[in-house]
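Residue numbers (the UniProt record's numbering): 1 to 255.
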């Protein structure tokens, strides 16, 4: 994707490209692109909805073009996409990109139900986990070993946590978790920043029984020291980009 000064599109296009890389290109390098006659007058996009719709369409086409999926010309696509996205803030840009990813995921599954198979990329190096393992390591471990996880997920709209059992499918730039949600009985995308607690199914006590090497060595404590009181899980931090109120975030779990 071309850059314009300091402007750079923060994107999960890498994951989209992975999916599309499996397909045989229908457009080859050097093949003539589509040509269109000039219009009598320039077209103006009057509001944000029009610019958002154009950006969404261009992002999907650009993702297809990079993998030989369309004969649409490169430069106009990049130019229109860059200009239309430049009129939005980071949150709206991410909304559009996530929606584009969801559309491509939906199309792939509609054509081939097995298209969205569990990914093991990045999971080979995580052989074991413990209570202090970062969330992304637990997810990679689950992907590599075909394991389910349990989590307490914070719903920004409801202002509360819900317990979920999930089957991880992919990890998007260590920001989004694409997984099958057993509670909702469908695939969802979850923000890692909203996961308060992530653990193996059944909890850590069950996991340690089946994985003896998983126990983390405990630091020695003086005999007179009292155990620290247990604290409730902190509410995940939220930021300006962390909202479910935008209808374009259709794949983010709203409740």
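Just so it is clear, CB atoms sit at the ideal spot from N, CA and C, and this is done for glycine as well.
Residue(s) in a DSSP beta bridge with residue i
{"i": "residue 188", "result": "179"}
{"i": "residue 153", "result": "162 and 195"}
{"i": "residue 63", "result": "The partner list for residue 63 (beta bridge, DSSP) is empty, contrary to what the question assumes."}
{"i": "residue 170", "result": "178"}
{"i": "residue 200", "result": "149"}
Buried/exposed call for residue i, threshold 16 Cβ in 10 Å
{"i": "residue 87", "result": "exposed"}
{"i": "residue 170", "result": "buried"}
{"i": "residue 189", "result": "buried"}
{"i": "residue 203", "result": "exposed"}
{"i": "residue 140", "result": "buried"}
{"i": "residue 185", "result": "exposed"}
{"i": "residue 129", "result": "buried"}
Assigned secondary structure, residue i (DSSP; H/G/I helix, E/B strand, else coil)
{"i": "residue 127", "result": "coil"}
{"i": "residue 33", "result": "coil"}
{"i": "residue 97", "result": "helix"}
{"i": "residue 42", "result": "coil"}
{"i": "residue 73", "result": "coil"}
{"i": "residue 90", "result": "helix"}
{"i": "residue 84", "result": "helix"}
{"i": "residue 133", "result": "coil"}
{"i": "residue 68", "result": "coil"}
{"i": "residue 210", "result": "helix"}
{"i": "residue 24", "result": "coil"}
Span separating the alpha-carbon of residue i from that of residue j
{"i": "residue 201", "j": "residue 132", "result": "16 Å"}
{"i": "residue 172", "j": "residue 105", "result": "13 Å"}
{"i": "residue 93", "j": "residue 85", "result": "6 Å"}
{"i": "residue 144", "j": "residue 136", "result": "12 Å"}
{"i": "residue 134", "j": "residue 45", "result": "44 Å"}
{"i": "residue 261", "j": "residue 43", "result": "An answer regarding residue 261 cannot be provided, because it is not within the stretch 1 to 255 covered by the chain."}
{"i": "residue 127", "j": "residue 195", "result": "22 Å"}
{"i": "residue 77", "j": "residue 91", "result": "22 Å"}
{"i": "residue 206", "j": "residue 175", "result": "28 Å"}
{"i": "residue 154", "j": "residue 193", "result": "9 Å"}
{"i": "residue 100", "j": "residue 74", "result": "18 Å"}
{"i": "residue 191", "j": "residue 51", "result": "26 Å"}
{"i": "residue 63", "j": "residue 54", "result": "14 Å"}
{"i": "residue 161", "j": "residue 152", "result": "6 Å"}
{"i": "residue 199", "j": "residue 142", "result": "10 Å"}
{"i": "residue 287", "j": "residue 168", "result": "Absent from the structure is residue 287, since the part of the chain shown begins at 1 and ends at 255."}
{"i": "residue 103", "j": "residue 68", "result": "18 Å"}
{"i": "residue 37", "j": "residue 72", "result": "14 Å"}
{"i": "residue 39", "j": "residue 80", "result": "16 Å"}
{"i": "residue 248", "j": "residue 209", "result": "Low confidence applies to residue 248: its pLDDT is 36, below 50, so where it sits in the model is not reliable, and the reading given next is rough at best. Roughly 43 Å separates the two Cα atoms."}
{"i": "residue 107", "j": "residue 197", "result": "32 Å"}
{"i": "residue 98", "j": "residue 109", "result": "16 Å"}
{"i": "residue 34", "j": "residue 24", "result": "20 Å"}
{"i": "residue 48", "j": "residue 159", "result": "29 Å"}
{"i": "residue 83", "j": "residue 65", "result": "18 Å"}
{"i": "residue 211", "j": "residue 89", "result": "46 Å"}
Beta-carbon separation (whole angstroms), residue i vs residue j, contact threshold 8 Å
{"i": "residue 165", "j": "residue 177", "result": "Their Cβ separation, rounded to whole angstroms, is 13 Å, which puts residue 165 and residue 177 out of contact at 8 Å."}
{"i": "residue 70", "j": "residue 56", "result": "No, residue 70 and residue 56 are not in contact; Cβ-Cβ is about 15 Å, not under 8 Å."}
{"i": "residue 96", "j": "residue 59", "result": "6 Å"}
{"i": "residue 147", "j": "residue 163", "result": "Wrong, their Cβ atoms sit about 17 Å apart, outside the cutoff."}
Interface flag, residue i vs chain D, CB-CB below 8 Å
{"i": "residue 195", "result": "Any reference to chain D falls outside this structure, which holds one protein chain only."}
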